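Q: Start counting the sequence shown at 1; every next residue gets the next number (the UniProt record's numbering). C-beta atoms are modelled at their ideal positions from N, C-alpha and C, and glycine is treated no differently. Keep in mind that this is a model prediction, so the values were computed, not measured. Encoded as structure tokens, here's the structure I'll be asking about.
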Amino acid sequence: MMPEAIQSLLATLQQARYFEDAAEVVLRGMLKVVEEVLAASPYAKTGRLLRGMIYLRPDEAYRGLAVVDLSGGKTDNAGPLHASATAWRSLQEHRCAVSIDIATRTIQPHRSDAAHKVMPAPPESSEGFNSQESQQRFLGREATHVCVLPLRSWAGHLDGMVSLEASCPASMGRPFIWKDCEARLQLLSDVSAPYLTGLAPRTVKPTEVDEFLPVVGSAMGQMLPMLRMFAHGDETLLISGPTGAGKSRLARWCHQNSPRKQNPFEVLDLTTVPEELQNAEIFGWKKGAFTNAVRDTLGSVARAEGGTLFIDEIDKLSKKVQASLLYLLEERTYRPLGDDSKDRRANVRFIIGTNVDLRKAVEQGRFREDLYYRINVLPIKVPPLDERQDEIPLWAEYMVNRCFRERMPGGQARLAPEAQRRLSTSRWPGNLRQLDNIVRRSIMVAMTEQTRIGARDVSGLMLEERHIAEALGLDPEGAELSTVLKSMRTAALAFFHEARQRGAMDLDLADAFRGFVLGVASQQVGREEAMRLFGLDAAVKNRNHHRILRRELDRVLALYEALGSEPDSLVDQLKPESEP
Ligand SMILES: Nc1ncnc2c1ncn2[C@@H]1O[C@H](COP(=O)(O)OP(=O)(O)OP(=O)(O)O)[C@@H](O)[C@H]1O
Numbered sequence: 001m002m003p004e005a006i007q008s009l010l011a012t013l014q015q016a017r018y019f020e021d022a023a024e025v026v027l028r029g030m031l032k033v034v035e036e037v038l039a040a041s042p043y044a045k046t047g048r049l050l051r052g053m054i055y056l057r058p059d060e061a062y063r064g065l066a067v068v069d070l071s072g073g074k075t076d077n078a079g080p081l082h083a084s085a086t087a088w089r090s091l092q093e094h095r096c097a098v099s100i101d102i103a104t105r106t107i108q109p110h111r112s113d114a115a116h117k118v119m120p121a122p123p124e125s126s127e128g129f130n131s132q133e134s135q136q137r138f139l140g141r142e143a144t145h146v147c148v149l150p151l152r153s154w155a156g157h158l159d160g161m162v163s164l165e166a167s168c169p170a171s172m173g174r175p176f177i178w179k180d181c182e183a184r185l186q187l188l189s190d191v192s193a194p195y196l197t198g199l200a201p202r203t204v205k206p207t208e209v210d211e212f213l214p215v216v217g218s219a220m221g222q223m224l225p226m227l228r229m230f231a232h233g234d235e236t237l238l239i240s241g242p243t244g245a246g247k248s249r250l251a252r253w254c255h256q257n258s259p260r261k262q263n264p265f266e267v268l269d270l271t272t273v274p275e276e277l278q279n280a281e282i283f284g285w286k287k288g289a290f291t292n293a294v295r296d297t298l299g300s301v302a303r304a305e306g307g308t309l310f311i312d313e314i315d316k317l318s319k320k321v322q323a324s325l326l327y328l329l330e331e332r333t334y335r336p337l338g339d340d341s342k343d344r345r346a347n348v349r350f351i352i353g354t355n356v357d358l359r360k361a362v363e364q365g366r367f368r369e370d371l372y373y374r375i376n377v378l379p380i381k382v383p384p385l386d387e388r389q390d391e392i393p394l395w396a397e398y399m400v401n402r403c404f405r406e407r408m409p410g411g412q413a414r415l416a417p418e419a420q421r422r423l424s425t426s427r428w429p430g431n432l433r434q435l436d437n438i439v440r441r442s443i444m445v446a447m448t449e450q451t452r453i454g455a456r457d458v459s460g461l462m463l464e465e466r467h468i469a470e471a472l473g474l475d476p477e478g479a480e481l482s483t484v485l486k487s488m489r490t491a492a493l494a495f496f497h498e499a500r501q502r503g504a505m506d507l508d509l510a511d512a513f514r515g516f517v518l519g520v521a522s523q524q525v526g527r528e529e530a531m532r533l534f535g536l537d538a539a540v541k542n543r544n545h546h547r548i549l550r551r552e553l554d555r556v557l558a559l560y561e562a563l564g565s566e567p568d569s570l571v572d573q574l575k576p577e578s579e580p
């Protein structure tokens, strides 16, 4: 390829602001190369280029997808433009271009040592293209020949792939032109990879929000076009992300945005199903299948018939049931427990949720590799809330209103600017779930305050920073732990380490904390004020406080003694006045 052509491409890429802009330039360049080669080939009259696609897939999750379609809109009826899972797997394995003959379902890596070796996808393999379903998908969009190239970063990392599709029934089962363009295509892919991977996808504002995706910030906005496309299809979707980030709601959103939306949406949360019941829960059972099986019972697959089944926390699946699920995903058939008749067909779209790194689970031998590849067709990663900073005030506003209206239908709640700032600057390790909890708690705090001061108009509520602060202080997970809680945790940890070192320690010794509080407070503000601060002034008035002090002193002394420390000035603060 002419260096000027590369230079001109680079100059255009430097101007690109978004991934989609850069991808379009690259794809048009690649399609032009293929068109030239096709025109000079024996298939000049019978072959036709259909489209090019770039899938950005760093870290095992889709981040961007761009399409240049030359087929005259024929793809509209052909369903979503999913990539071949087999091709991706092959790229991971060989790190080189791959060509696929759809009719014969063969896939050929263009590596020098594999150059002339045509490999049929092994029948027992879990690779996506292996299935008839994938073949139909490609044929449905007229593709007979596909070339897939790796998108490699400088460090050699596989960041995505370029997929080019052509229609040439005349060359079915015979080598197509891909090998003749491969070197030029790979060069284009390699020089443009840093631009494609470095640019963020364009953020899309949703035309309408709904209860399943009421807030779309820039991170989710970048994923939205892809999500829409994936939602529309039937391929298994894998949604990963930390707990509470909104994976279940997103799964529901995908269902609502799919042609299956009139049919059931079933959720199977595997954390709630003991291992020995997983099979029964998924596939159902016939009466008499086991001791307590008193009637035929549908499993979640049957309940989701025609619709979507969201299986959450997939890593909790036992190895035995992993094998059954793999069979179901590949064959689309299953049998309830105790059913000896024929297999049942499952017309279900599967969405899988996980908050662990399944790749690692595979490496550790906890998760079947073939199942991993089978469910990893359309992987989506939901980022933690702390990485979606721009969404926090929007979510907070949405949750405040939703929660207040549950209690006060038709009411209107607002967040004061300071309250919003406080929420935005807090950390959210528990993600949306934690934010929702804090919002609910803050509303309770604010409504209790309204009642206390006898507010007349309770149909409106302004959440102030103090309400948020109180709710945060009550949060055991601590979006922002109060200093007291932090220090108590530190002290508890020290106590625990001491016990570990000694082998054992009486937990009652921890009761000394009360005495420490009274002791340091007395040191700071004097005993009388300290007693008042902690609500003991009545005891002082009744001259009853000596008993209280004595009890606390004994507890503190017990701890000093257990630790082999000499009493010090803190202990003196607790001694009744008469004692030396
Ligand atoms: N669309 C939404 N509307 C209102 N609240 C939401 C929404 N999405 C998430 N939340 C809040 O976040 C919580 C967690 O959401 P979700 O159950 O979807 O997360 P998850 O990632 O599936 O969590 P886990 O991994 O624990 O199953 C919900 O219970 C709710 O409080």
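Just to confirm the assignment, what range does the alpha helix (DSSP H) spanning T104 have?
A: For the purposes of this step, residue 104 is taken as residue 104 along the sequence shown, with counting starting at 1. Premise fails: T104 is in no alpha helix (DSSP H) and is neither H nor E.
Q: Quickly, what does DSSP pair L163 with across the bridge? List them, please.
A: Mapped onto the sequence shown, residue 163 falls at position 163. What sits at residue 163 in the sequence shown is Ser, not Leu. For S163, which the question treats as bridged, DSSP gives the partners M53 and V148.
Q: Between R502, G503 and F513, which lies nearest to R489 when the distance is taken from Cα to Cα?
A: Locating residue 489 in the sequence shown gives position 489, where the first residue counts as 1. Answer by Cα proximity: F513.
Q: Within the chosen definition, does the stretch 319-327 reach the stretch 370-386 through at least 3 CB pairs nearer than 8 Å?
A: Result yes; three or more Cβ-Cβ pairs closer than 8 Å.
Q: For the stretch 353-420, which segments carrying the alpha helix (DSSP H) assignment without a break, of at least 4 residues, lie completely within its bounds, in sequence order?
A: You should have 358-363, 369-375 and 392-407.
Q: Out of curiosity, what's the CA-to-CA distance linking S384 and D357?
A: Taking the first residue of the sequence shown as position 1, residue 384 is located at position 384. Taking the first residue of the sequence shown as position 1, residue 357 is located at position 357. Note on residue identity: the sequence assigns Pro, not Ser, to residue 384. Computed Cα separation, rounded: 14 Å.
Q: Residue range of the alpha helix (DSSP H) that A22 falls in?
A: The residue labelled residue 22 in the question sits at position 22 within the sequence shown. Looking at the DSSP string, the run of the alpha helix (DSSP H) that includes A22 is F19 to A39.
Q: So is T197 buried or exposed if we call it buried at 16+ other beta carbons inside 10 Å?
A: Locating residue 197 in the sequence shown gives position 197, counting from the first residue. The residue in question, T197, is buried, as its Cβ has 16 or more Cβ neighbours within 10 Å.
Q: Using only CA atoms, which one of F138, L509, K205 and V191 lies nearest to A155?
A: For this step, residue 155 is matched to residue 155 along the sequence shown. The shortest C-alpha separation from A155 is found at V191.
Q: Could you check whether K319 and L270 sit closer than 8 Å to each other, using their CB atoms as the reference points?
A: In the sequence shown, counting from the first residue as 1, residue 270 sits at position 270. In the sequence shown, counting from the first residue as 1, residue 319 sits at position 319. Result no, Cβ atoms of L270 and K319 do not sit closer than 8 Å.
Q: Which whole-angstrom value describes the C-beta separation of L224 and G52, a residue pair presumed to lie in contact below a C-beta threshold of 8 Å?
A: For the purposes of this step, residue 224 is taken as residue 224 along the sequence shown, with counting starting at 1. For the purposes of this step, residue 52 is taken as residue 52 along the sequence shown, with counting starting at 1. 22 Å between Cβ atoms; not a contact.
Q: Need the endpoints of the beta strand (DSSP E) that I311 sits in, please.
A: Counting from 1 along the sequence shown, the entry for residue 311 is found at position 311. Here the beta strand (DSSP E) through I311 covers T308 to D312.
Q: Is any heavy atom in ligand 1 found nearer than 7 Å to the beta carbon of D357?
A: Along the sequence shown, read from residue 1 onward, the residue named residue 357 stands at position 357. D357 Cβ: outside cutoff for every heavy atom of ligand 1.
Q: Would you identify the three-state DSSP class for A11, choosing helix, strand or coil?
A: Counted from its first residue, the sequence shown places residue 11 at position 11. If DSSP states are grouped into helix, strand and coil, A11 belongs with the helices.
Q: Roughly how many angstroms lie between the CA atoms of Q573 and R421, to the nearest whole one?
A: Locating residue 573 in the sequence shown gives position 573, counting from the first residue. Locating residue 421 in the sequence shown gives position 421, counting from the first residue. Roughly 42 Å separates the two Cα atoms.
Q: According to DSSP, is D296 part of a helix, a strand, or is it coil?
A: Position 296 of the sequence shown, counted from the first residue, corresponds to residue 296. Of the three classes helix, strand and coil, the one that applies to D296 here is coil, per DSSP.
Q: Got a sec? Which residues, its chain only, sit under 7 Å from C403 by beta carbon, not counting five neighbours each side?
A: In the sequence shown, counting from the first residue as 1, residue 403 sits at position 403. Contacts found: V439, R440 and I443.
Q: For the stretch 403-419 and the stretch 207-222, state whether three or more C-beta atom pairs, one from each stretch, are separated by less than 8 Å.
A: Flag = no, the stretch 403-419 and the stretch 207-222 do not touch.
Q: Mind pulling the beta strand (DSSP E) runs of 3 or more residues that sit fully within the stretch 515-557?
A: Here no run is fully enclosed.
Q: Going by DSSP, what residue range makes up the alpha helix (DSSP H) through V267?
A: In the sequence shown, the residue the question calls residue 267 occupies position 267. V267 -> not in any alpha helix (DSSP H); beta strand (DSSP E) instead, spanning F265 to D269.
Q: Give a yes or no on contact between the stretch 233-242 and the stretch 284-299, applying the rule of three or more CB pairs nearer than 8 Å.
A: Because the criterion of three Cβ pairs below 8 Å is not met, the stretch 233-242 and the stretch 284-299 do not touch.
Q: Taking F283 as the reference, which of A289, F290, G244 and A302 has the closest Cα?
A: The residue given as residue 283 occupies position 283 in the sequence shown. Taking only the C-alpha atoms, the option nearest F283 is A302.
Q: Considering just the uninterrupted stretch of the alpha helix (DSSP H) at V321, what are its terminal residues?
A: Taking the first residue of the sequence shown as 1, we reach residue 321 at position 321. Per DSSP, V321 belongs to the alpha helix (DSSP H) from K319 to E331.
Q: Could you give the first and the last residue of the continuous beta strand (DSSP E) run that contains I239?
A: Counted from its first residue, the sequence shown places residue 239 at position 239. Counting along the chain, the beta strand (DSSP E) containing I239 begins and ends at L237 to S240.
Q: Rounded to the nearest angstrom, what separates D508 and R555 at their Cα positions?
A: For this step, residue 508 is matched to residue 508 along the sequence shown. For this step, residue 555 is matched to residue 555 along the sequence shown. So the alpha carbons of these two residues sit roughly 8 Å apart.
Q: Please list, in chain order, all residues of the same chain as L337 whose beta carbon is under 8 Å from its beta carbon, the five residues on each side excluded.
A: Your numbering for residue 337 matches position 337 in the sequence shown. These residues qualify, in order along the chain: N279, A280, F283, G284, W285, K286, A289, F290 and A293.
Q: Please list, in chain order, all residues of the same chain as Q524 whose beta carbon is under 8 Å from its beta carbon, the five residues on each side excluded.
A: Here residue 524 refers to the residue found at position 524 of the sequence shown. Around Q524: A530.
Q: If the criterion is Cβ atoms closer than 8 Å, does the pair A193 and L50 meet it?
A: As a working mapping, residue 193 is identified with position 193 in the sequence shown. As a working mapping, residue 50 is identified with position 50 in the sequence shown. Not in contact: A193 and L50 (Cβ atoms no closer than 8 Å).
Q: Assign I453 to buried or exposed, taking buried as 16 or more other Cβ atoms, counted over all protein chains shown, within 10 Å of its Cβ.
A: For the purposes of this step, residue 453 is taken as the residue at position 453 of the sequence shown. Per the 10 Å Cβ criterion, exposed.
Q: Between Y18 and ligand 3, is there a pair consisting of the residue's CB and a ligand heavy atom that are separated by less than 7 Å?
A: As presented, the structure is devoid of ligand 3, carrying ligand 1 as its sole ligands.
Q: Helix, strand or coil: how does DSSP classify W285 here?
A: Translated into positions along the sequence shown, residue 285 becomes position 285. In the structure shown, W285 sits in a strand (DSSP, three-state: E or B).
Q: Under the criterion of a Cβ to heavy atom distance below 7 Å, does S248 qualify as lining ligand 1?
A: The residue given as residue 248 occupies position 248 in the sequence shown. Yes, since a heavy atom of ligand 1 falls inside the 7 Å radius drawn around the Cβ of S248.
Q: Less than 7 Å separating the Cβ of R433 from some heavy atom of ligand 1?
A: Here the question's residue 433 lines up with position 433 in the sequence shown. The answer is yes for R433.
Q: At a cut-off of 7 Å, is D386 close to ligand 1 when judged by its beta-carbon and the heavy atoms of the ligand?
A: As a first step, residue 386 must be located in the sequence shown, where it is residue number 386. No; taking the cut-off as 7 Å, the Cβ of D386 has no heavy atom of ligand 1 nearer than that.
Q: In the DSSP assignment, find the beta strand (DSSP E) that holds G221 and state where it starts and stops.
A: Numbered from its first residue, the sequence shown carries residue 221 at position 221. Here G221 belongs to no beta strand (DSSP E); instead the alpha helix (DSSP H) covers S218 to H232.
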